[in-house]
Amino acid sequence: MATRGAAFQHAVPTAAGAHAPAATGVWSWITTVDHKRIGILYGISAFVFFLIGGIEALIIRLQLATPGAHVVSAETFNALFTMHGTTMVFLAVMPFNAAFMNYMLPLMIGARDVAFPRLNALSFWIFLIGGLFVNASFLVGTPPDGGWFGYTSLTLRQFSPGPAVDFWVISLQVLGASSVIAAVNFIVTILNMRPPGMTLMRMPVFVWMSLVVQFLIVLAFPAVTVGLIFLTFDRFFGTRFYDVLAGGDLHLWQHLFWIFGHPEVYILVLPALGIVSEVLPVFARKPLFGAPVVIYSGVLIGFFGFGVWSHHMFAVGMGPVADAAFSVGTMLIAIPTGVKIFNWLATLWGGTLRPTVALHFAVGLIALFTLGGLSGIMHASPPIDLQQTDTYFVVAHFHYVLIGGALFGLFSGAYYWWPKITGRFLSEGLGRLHFWLLFVAFNLTFFPQHYLGAIGMPRRIYTYQTGMGWDGWNMVSTIGAFGIGLAVFVFLVNAARSLRGPRTAPNDPWDARTLEWRTSSPPPPYDFETIPPVYGRDTFWREKYGDRRGRKPVPLPPAPDPHGTHLPAPSTWPIVMGLGIGLGAVGALTSLALLIVGALILVLGAFSFALEHHRNPMHEHQVGSIGLDHRKLGIWTFLASECMFFGSLIATYMAYRGKSVVGPYPHEILNLPLTTVSTFDLLMSSLLMVLALDAITRGDLAKTRLWLAGTALFGLIFLGFQVYEFASFVHEGLTLQQNLFGSTFFVLTGFHGGHVTIGVAWLLTLWIMALRGRLDRRDAVKVEIAGLYWHFVDIVWIVIFTLIYLVP
Amino acid sequence: MSQPRPQAAHGRPTNQTGQTGHGDPAGHASVTMYLQIAVILGIITALEFGSIYIRQLTPILVPLLLVMSAAKFSLVVLFFMHLRYDSRVLSVIFTGSLLIATVVVLALVTLPGDFLLFSR
Amino acid sequence: MEKAAAIVSCVTRPAPGRPPVSVPLAVAMLAGGCAWDGPMSTLTGRSDLARSTLYLYGIVTWATVIIGSVVIGLLAWILFRYRDRPGAPLPRQIAGHSLLEISWTILPALILLVIAIPTMQVIFRTQAPPKPGALEIQVLGKQWWWEFRYPSLELVTANELHVPVGRTVSLRLEGPDVIHSFWVPQLGGKRDVVPGRVNRITFTPDTPGDYPGQCAEYCGTSHANMAMRVIVDRPADFEKWVATQKATPGEPAGAAAEGKGVFTKSACVGCHTIKGVSAGALGPDLTHFGSRQTLAAGMFPNTVENVTAWIRMPTVMKPGAKMPAVPMTEAEAKALATYLVSLK
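In the order they appear, the protein sequences are chains A, B and C. Quick note, this note's numbering runs 2 ahead of the 1-based positions in the first sequence. Quick note, this note's numbering runs 877 ahead of the 1-based positions in the second sequence. Quick note, this note's numbering runs 162 ahead of the 1-based positions in the third sequence.
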């Protein structure tokens with residue numbers, strides 16, 4: 003490690019002096035905004051949820067070990083597999099990924115933190131609240147039992163009365179919010195926090211895969227959010243979205259769910275593939291073979307991931323054309339996936355393979371993920387899929403992908419990065435025991451399930467009769483499952499022993515290639531003493547060994563560091579907002595008053611959050627490595643997500659056009675002249691908005707105040723039109739519950755109106771700040787991002803106006 | 878999945894901060910231009926409203942309305958949201974997402990056979 | 163370890179082994195004499211639909227087993243060949259090789275073509291509209307039992323579907339409550355029963371036999387207990403079965419007559435149809451209840467004892483069962499059961 007640079011010597015006392023860098027105690031963890039601490043919090047919470055989900059799996063396996071067993075009741079079994087799936091997907095693997103991304107992304111790209119440290123804390127607390135909330139359903143005796151995929155109409159109030167499914171619906175919304183917030187944050191971090199020289203193609207593959215995953219989250223979650231909104235409204239307010247008798251279509255939920263659900267598979271797996279792409283080169287002591295191809299194939303997998311969702315629906319009766327199209331799309335995904343595997347093999351080829359535990363897990367992933375991928379090719383053929391879907395063959399397939407792929411990759415990462423995170427080593431001996439136990443037990447559990455599926459054992463059955471030929475292998479599978487439990491226990495012992503041992507890990511114990519190994523183990527709160535310069539891919543390796551011809555880079559002066567070593571101050575508002583959401587969620591199931599209290603805490607928390615660092619000079623300059631302000635890049639990424647949100651709402655309206663079985667129908671009550679006027683009003687508000695931005699950029703504060711107020715006023719006028727329209731529709735008999743038109747119309751325009759309301763509140767806040775002299779030229783970017791949001795709401799209305807009001 | 882274009886490779890580290898120089902949040906459009914665009918937006922809205930009542934336009938009404946809507950959409954995005962003057966990264970993120978959203982919407986609307994777009 | 167378990171399972175399996183249909187799949191699974199022809203095996207096709215799937219299955223299994231063996235074999239060889247040896251020099255730092263990478267992009271694409279083309283053929287062949295002359299049967303999936311209606315024969319039955327061998331059958335799948343999935347593996351792939359939609363399965367059974375099936379889409383509490391069986395009869399047997407089913411059952415005698423009295427006086431008539439006795443619609447048609455082999459959608463043999471227990475405590479027998487326990491004495495229940503079982 004280089005000696006402490008002069009920049010650092012100066013930076014610490016001046017910039018970071020106000021915030022003690024290594025605060026301890028519970029409170030410091032609650033208010034922390036340090037990406038490393040948040041990463042650790044994610045990791046520990048995920049592990050606890052992982053253990054809960056694992057115990058659920060063991061009970062499931064006990065019940066299925068023998069035919070006709072009575073370990074648990076049918077109801078309990080159904081709840082267990084629902085919660086096992088929900089937990090492992092949303093509360094274990096996703097936050098494990100988030101843990102590594104939080105801890106490692108900034109280190110790997112040579113940054114001091116994520117772009118929005120407080121938003122990062124907010125994501126974590128919302129995630130934790132959502133996870134605790136859905137598990138609290140066990141405590142009140144009504145765990146969700148509609149399956150992790152929650153197919154309607156089974157999950158409607160009619161067939162699932164009681165709060166069980168409510169717990170699931172609400173917590174999924176909460177977890178989705180957490181994921182999208184985190185995704186925007188990571189995208190801005192990766193694009194905008196890179197040090198000089200770190201071009202996109204020089205980023206480590208794990209960073210690339212994380213970037214792809216975050217875009218998948220941003221674009222995939224809104225679809226399920228919309229589906230869940232419909233389900234929530236159907237359950238709580240009696241809307242008709244999934245009401246077959248009112249003309250609703252049950253395929254709608256499945257489409258919305260799998261538009262999210264398929265990219266979700268890549269959200270779970272791609273980070274692990276990224277980890278393996280880091281681990282293999284280090285322990286083969288060779289660069290990743292064809293790194294650009296590995297990166298592009300990851301991007302392609304993500305991109306294709308949006309075009310194949312309906313392969314989860316081959317049995318629902320979409321017709322031969324859709325089946326054929328989605329079949330071909332699905333097969334195409336095999337190509338970039340295969341490329342990755344061949345590139346990994348070529349990375350190992352000719353290397354010097356140091357058999358560490360991390361390499362064991364990485365190699366285990368290659369083998370098991372290959373098997374999972376190959377059974378996936380079978381399902382890509384719809385006729386075969388019709389025999390395999392909803393059988394144990396599919397259970398085997400996706401466990402090969404999600405344990406063999408995701409979990410093996412995560413364990414590989416855990417052994418690889420443990421010394422960096424803790425400063426200590428995990429025992430290689432116990433680690434090998436862990437690996438071999440897991441590898442054997444995993445195959446013992448899941449390989450026979452291929453056979454069970456092939457001879458006809460369906461999924462999600464709590465019992466089965468003897469005489470089907472399923473008995474023996476189910477017992478084997480159960481024995482294997484307990485072996486997996488034992489393997490995880492070995493890991494726990496290994497971790498506990500390590501944490502009680504001395505800190506012996508040097509900075510770079512593996513002779514690694516990427517930047518995180520350039521700083522101390524564990525890294526200081528400010529990550530790097532000086533921002534490391536980047537010479538190329540595997541820049542740290544080049545510093546040590548030189549390039550292919552052995553030429554070492556000429557040492558450069560420390561890269562300029564626009565942010566100094568300023569460390570973000572701890573903040574209480576993230577957890578306050580999280581608690582507001584938690585109270586609101588509890589209130590949704592118990593009392594309206596509590597719901598309102600929760601919402602108020604959330605709103606007040608949000609205001610305090612937003613204004614906390616107004617006028618803090620450290621927060622003024624947020625222009626990053628692509629020359630954009632973090633906040634601006636962030637809002638655009640958020641708007642990308644909103645495209646999918648409103649897209650799904652509009653698609654539903656379009657799909658349900660003319661499907662209402664009773665009136666009133668659109669042509670009977672839509673008031674075109676009135677809406678044309680309100681549309682004009684909203685368009686003109688956008689004009690005032692750009693004028694406000696123009697004024698504040700020029701420093702003309704009087705005009706700024708005028709145009710801000712004008713924009714807000716025009717927004718309020720639009721809302722007034724909408725209130726009048728809604729009231730007159732209700733008067734004419736069109737309510738949320740009346741027919742499909744009412745449900746789709748009010749929910750679509752209502753959510754648009756909600757966005758306008760938030761926009762008005764935002765603008766009025768800025769206006770009041772301007773009136774009180776707390777807004778000037780330096781805050782132009784704050785007006786700009788409010789404006790971008792406002793214009794987006796405007797363009798959504800342009801689309802709504804055409805598709806709903808104008809098109810006959 | 879849309880990814881921003883890789884930047885030009887740097888042989889040696891350079892300070893990229895402020896390189897692309899979009900610090901000016903108002904972009905390059907002038908107030909006059911904003912006013913012109915607002916007028917155009919108003920006119921298109923009036924045309925949209927009017928075209929509904931012109932019987933001769935019925936056969937091409939739907940495509941016509943879609944084109945007018947797309948024009949308004951683009952004007953707001955390009956000028957009011959000043960994407961035209963802003964970083965390419967933002968364009969890639971937004972248009973890429975919009976593209977995926979559009980494809981998904983079209984698929985959703987047309988996939989169930991009897992759901993054909995504008996069938997009724 | 164797995165081998166030992168294989169033996170365990172083979173000891174417990176009911177039917178004697180038959181040569182596996184899909185040889186490579188058998189190889190890919192565990193060697194040894196495991197049965198590939200269980201009652202719900204997907205690998206023993208007994209209709210044109212199931213056989214066309216098996217044809218594809220064969221192609222895809224060969225392809226995947228070969229690819230899998232090559233990859234895993236290569237991986238194993240690399241791990242052995244390039245294991246770390248003491249004093250090994252730093253390996254050459256090779257960053258990539260374009261030609262190699264292009265070739266292993268194109269090769270999988272070619273293999274996929276081999277799978278995709280027959281897949282497309284089978285999709286369009288198996289989902290073609292049924293030929294005229296097919297026997298149309300309406301299948302209603304309900305929580306948690308199956309109703310089968312033969313519009314052309316004016317027959318209604320539950321949980322046991324009779325079809326004649328060699329004649330094309332076209333199932334119209336409909337449902338009133340939640341999504342179910344009709345699946346009889348030996349006769350072909352599954353198809354969901356989606357409320358508000360009409361789905362179809364068309365197949366021509368080619369071997370007489372008794373084929374168990376089960377709901378394959380999670381549908382609530384007793385999803386596991388929503389079995390059915392398809393009995394493929396020889397044409398003459400089918401005609402005979404149709405004739406019996408169309409007949410109105412005769413007047414019962416003895417305990418059964420007493421049971422009929424219990425039936426007509428209780429709430430049973432509100433939900434169940436017995437031709438000439440009652441016309442309920444919510445529960446299964448019981449006109450020829452005694453002719454069915456099982457009770458409660460494949461859960462129990464259809465005996466007087468089981469039916470008695472079922473009448474007295476349906477939700478104990480079948481979790482979540484929608485049938486209420488109609489209050490009656492043990493003796494009444496037994497008489498009723500005797501009557502029902504007598505309805506051949």
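We put the beta carbon where it would ideally sit given N, CA and C, even for glycine.
Status (buried if at least 16 other CB within 10 Å, exposed otherwise) for residue i
i, result
"A:R553", "exposed"
"A:W29", "exposed"
"B:V986", "buried"
"C:M475", "exposed"
"A:Y44", "buried"
"B:M910", "exposed"
"C:V346", "buried"
"C:P397", "exposed"
"C:A188", "Caution applies to C:A188, whose pLDDT of 48 falls short of 50 and renders its modelled position unreliable; the value that the coordinates give is listed next. So C:A188 counts as buried."
Contact check, residue i vs residue j, beta carbons under 8 angstroms
i, j, result
"C:I363", "A:K288", "no"
"A:R633", "A:F83", "no"
"A:A76", "C:G482", "yes"
"C:V301", "C:L349", "no"
"C:T406", "C:H450", "yes"
"A:L651", "B:L942", "no"
"B:L938", "B:S928", "yes"
"A:L750", "A:I802", "yes"
"C:V356", "A:G133", "no"
"C:R454", "C:N321", "yes"
"A:V490", "A:G56", "yes"
Host alpha helix (DSSP H) of residue i (start-end)
i, result
"A:R700", "L674 to R700"
"C:I264", "S260 to T288"
"A:G41", "H37 to L66"
"C:G235", "D210 to R243"
"C:Y501", "E492 to S504"
Three-state secondary structure (DSSP) of residue i
i, result
"A:I297", "helix"
"B:M910", "helix"
"C:Q300", "strand"
"A:I32", "helix"
"C:H324", "strand"
"B:I929", "coil"
"A:W260", "helix"
"A:M380", "helix"
"C:F462", "strand"
"C:P374", "strand"
"C:S184", "Its pLDDT being 45, under 50, C:S184 is placed unreliably in this model, and the value from its coordinates should be taken loosely. C:S184: coil per DSSP, three-state reduction."
Residue range of the beta strand (DSSP E) that includes residue i
i, result
"A:L494", "It is not in any beta strand (DSSP E) - A:L494 instead sits in the alpha helix (DSSP H) that spans D473 to R502."
"C:T364", "N361 to F365"
"C:F344", "H342 to F344"
- [ ] Check whether the segment 224-231 of chain C touches the segment 480-496 of chain A, taking contact to mean three or more Cβ pairs, one atom from each stretch, closer than 8 angstroms.
- [x] Because the criterion of three Cβ pairs below 8 angstroms is not met, the segment 224-231 of chain C and the segment 480-496 of chain A do not touch.
Task: Three or more C-beta pairs below 8 angstroms linking the segment 196-207 of chain A and the segment 116-123 of chain A - done: no
- [ ] Mind the definition here: the segment 930-946 of chain B touches the segment 777-789 of chain A only if three or more C-beta pairs lie below 8 angstroms; say whether that holds.
- [x] Using a Cβ-Cβ distance cut-off of 8 angstroms, the segment 930-946 of chain B and the segment 777-789 of chain A are not in contact, since fewer than three pairs of beta carbons, one from each stretch, lie closer than that value.
- [ ] Give a yes or no on contact between the segment 393-400 of chain A and the segment 449-459 of chain A, applying the rule of three or more CB pairs nearer than 8 angstroms.
- [x] yes
Task: Inter-stretch contact at 8 angstroms, needing at least 3 Cβ pairs: the segment 237-248 of chain A / the segment 206-223 of chain A - done: no
Open item on the list: Does the segment 495-512 of chain A come into contact with the segment 529-537 of chain A, if we say contact requires no fewer than three beta-carbon pairs (one atom in each stretch) closer than 8 angstroms?
Closed with: Touching, no.
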